[in-house]
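Q: Going by my numbering, the first residue of the sequence shown is number 480, and it counts up by one from there.
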Amino acid sequence: MTDPLPQVPVRLREMLKDYPEQMTNLQELMASFAGERAVPSRYEELIWALESRAGRLLQEARAESKAAKEKGDLDLIAKTKAKEMTMGKLVLQAPWSGDRELMDYFGK
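1. Could you check if Lys562 is buried or exposed, using at least 16 other CB atoms within 10 Å of its CB as the buried criterion?
2. Near Val487, what residues of its chain come up, given a Cβ to Cβ distance below 6 Å and the 5 sequence neighbours on each side ignored?
3. From Phe585 to Ala513, what does the alpha carbon distance come to, in whole angstroms?
4. Are the stretch 518–535 and the stretch 545–558 touching, with three or more C-beta to C-beta distances below 8 Å?
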């Protein structure tokens with residue numbers, strides 16, 4: 480029997496609470512690492528994938544912010560700028576790093 484997949488790490492959930500689509504994206508990424516793997520470990524691969532995905536989410540947020548600025552919609556500009564800042568923190572802080580639940584599950 481396979482252990483249930485852990486949730487997105489708490490620090491990530493807190494950072495992405497206003498962005499459920501991005502949280503779902505990361506949960507799906509974690510699920511793709513749930514099967515058996517050879518070297519490198521599933522945990523190492525997952526960390527690399529999370530880092531890569533976070534970078535992509537930041538790029539997408541920057542593009543959304545740029546598009547909002549071009550439209551001149553002040554509310555949308557504020558919303559997309561906040562999203563861009565959150566995704567930037569995601570990249571810089573790597574809140575999945577050292578998460579015990581992920582290490583226990585994917586480090587097997």
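Glycine included, each C-beta is placed from N, C-alpha and C at the ideal position.
A: Taking the coordinates as given:
1. buried
2. Met502, Leu505, Gln506
3. 7 Å
4. no
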